[in-house]
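Peer 1: Heads up: the sequence shown at position 36 corresponds to 66 in the numbering used here, and the numbers run straight through without jumps. Yeah, the Cβ is synthetic: ideal placement off N, Cα and C, and Gly gets one too. These numbers come from a predicted model, not from an experiment. Take this structure, written in structure tokens, and hold onto it; I'll ask about it next.
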Amino acid sequence: MRAAVLHDVRDIRVTEIPTPTPAADEVIVRVRAVGVCGSDLHSYLEGGTTGPTRINPFVLGHEFSGTLTPESARRAGLPADALMAVDPAISCGRCEWCHRGHTNLCPHVRFLGYAPNNGAMAEFICVPTSAVHIVPDSIDPAGAAILETLGVAIHAMDLARPRLLETVAVLGCGPVGLLLIQLARLAGASKIVAIDPVRARTGLACDLGADVGCGSHEEAAGFTDGRGADLVIEATDSSHGFEHAARCARIGGRLVIVGIPENNQYVLSGAESRRKGLSIKFSRRMPEVYPRAIALAESGRVKLAPLATHRFSLDETPAAFEQQVARRDGIVKAIIYP
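Put into structure tokens, the structure is as follows:
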């Protein structure tokens, strides 16, 4: 089969690799759509999400949808023509954290599309039967792929525990930030401030529920009368995102850190955060939230289509990554169609 293989930093090659063979508990998914995620970009630019890392060639892509091959559908007792979203995180199910329901924190997780595990920027991928979720006809392949991103946002919002009529600031208006803005509006926020240096993204954020868009955290201060936001959710890829989030928060405010920083480094000065007495939580991936993600998308309460701004064939995967890195032409999320 054909696949987009990451060989080195900024070196993706579309080539032939062996078609995978499923294990007894797996099905073969014919990939319909796969999104380029921020963590994919970290792998592309740095080798991984833990800072500069040596790359052993592997296939990227963990946000994806597809249909089962006829033989897999028959074995699993599932419809062959139904569109499926796939949870890429395969937790062990045996450790303390899995037993506590924190499957997203499983130290033994196998995560598809993160080295050394091949992902879905390919024609086919094998996944556990338990990882597939049938999606309704109202959700297209790109939307079904973005359900993974929505799951990340739902988990972050669960950690944030927003309260009615709070002021919420969201730093970073990429796909996760845009979904967080929609969820904050559903949760009853009184004012939502969207912060991103790319003006097209803050414009889209306002279309999706933010009250105001700002190009920087300094600019945002004016929209809270200098008080700061009750809840700040950071969803950037910048090492300064943590610091800027802390500066946006009110005294006694709450932070949820979702973004993965460049070079695996946060910048944070201690005095202001300490003197404000901030409560800080870090969000990692998601536990079992796909049913809620599907319900939110199916009902129309969360819009996925505006995030899928650019579409590429498998052969165009290198160009998709370069365009998303450069944030050219108003790109929010590239969708690749293998």
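Leaving aside the five residues before and after residue 349 along the sequence, list all residues of the same chain whose C-beta is less than 7 Å from its C-beta, in chain order.
Peer 2: 342
Peer 1: Along the chain, where does the beta strand (DSSP E) that runs through residue 114 open and close?
Peer 2: Counting along the chain, the beta strand (DSSP E) containing residue 114 begins and ends at 114–116.
Peer 1: I believe residue 387 touches residue 311 by the beta-carbon criterion, under 8 Å. Please report the beta-carbon distance rounded to the nearest angstrom.
Peer 2: Residue numbering for the chain in the displayed model covers 31 to 368; residue 387 lies beyond these limits and cannot be assessed.
Peer 1: For residue 91, I'd like the list of residues in its chain whose CB is within less than 6 Å of its CB, leaving aside the five on either flank, ordered along the chain.
Peer 2: 64, 143, 149, 150, 151
Peer 1: Which residue spans inside the segment 164–238 form an unbroken beta strand (DSSP E) run of at least 3?
Peer 2: For the segment 164–238, whole beta strand (DSSP E) runs of length 3 or above, ordered along the chain, are 197–201, 221–225.
Peer 1: Thinking just about the alpha-carbon of each residue, which of 120, 59, 224 is nearest to the one in residue 154?
Peer 2: 59
Peer 1: Hey, how far is the Cα of residue 129 from the Cα of residue 137?
Peer 2: 13 Å
Peer 1: Leaving out the 5 sequence neighbours to the left and right, which residues in its chain are closer than 6 Å to residue 163 when beta-carbon positions are compared?
Peer 2: 115, 320
Peer 1: Label residue 334 either buried or exposed according to how many other C-beta atoms from any shown protein chain fall within 10 Å of its C-beta, with 16 as the threshold for buried.
Peer 2: buried
Peer 1: Count the other CB atoms within 10 Å of the CB of residue 171; is the residue buried (16 or more) or exposed (fewer)?
Peer 2: buried
Peer 1: Residue 257 and residue 197: beta carbons closer than 9 Å?
Peer 2: Going by beta carbons, residue 257 and residue 197 fall inside the 9 Å limit.
Peer 1: Report yes or no: do the segment 230–244 and the segment 285–305 share at least 3 C-beta pairs separated by less than 8 Å?
Peer 2: no
Peer 1: By a C-beta neighbour count over all protein chains shown, 10 Å radius and 16 as the cutoff for buried, is residue 33 buried or exposed?
Peer 2: buried
Peer 1: So, under 8 Å CB-CB, residue 273 and residue 309 are touching, yes? Tell me the CB distance rounded to an integer number of Å.
Peer 2: Not really, about 17 Å apart at Cβ, beyond 8 Å.
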